[in-house]
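Going left to right, the sequence shown walks through residues 26 to 96 as our numbering numbers them.
One structure below.
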Amino acid sequence: MGFGSKRWECKDCGRRHHTDRKQCVECGYSVLTPVDDRERVDRFSTVVLALLPAILSILTMGLLAWVLFFS
């Protein structure tokens, strides 16, 4: 079980890889640096927080429709 980044970025061409190899697939450059995944988590949390009101309103309307239909 390895700790650390699972994504690597080539210092020569800038391509990002999901690999355990320490060599770039595209250009063959052997120096890769770990990619910081905080930007991906920040983007994901922003999308989830933006969609949360819409999801809650749809669920609320569905619940109200269910209650009004069956009562």
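Backbone N, C-alpha and C fix where the C-beta goes; we use that ideal spot for every residue, glycine too.
Since this is a predicted model, take the numbers as computed values, not measurements.
Secondary structure of residue i, DSSP reduced to three states
i	result
ARG40	coil
Assigned exposure category for residue i - 16 Cβ within 10 Å defines buried
i	result
TRP91	exposed
CYS52	exposed
CYS38	exposed
Nearest-angstrom beta carbon gap, residue j and residue i [assumed within contact, 8 angstroms]
i	j	result
ARG32	ARG40	Going by Cβ atoms, the distance from ARG32 to ARG40 rounds to 11 angstroms, so no, they are not a contact pair.
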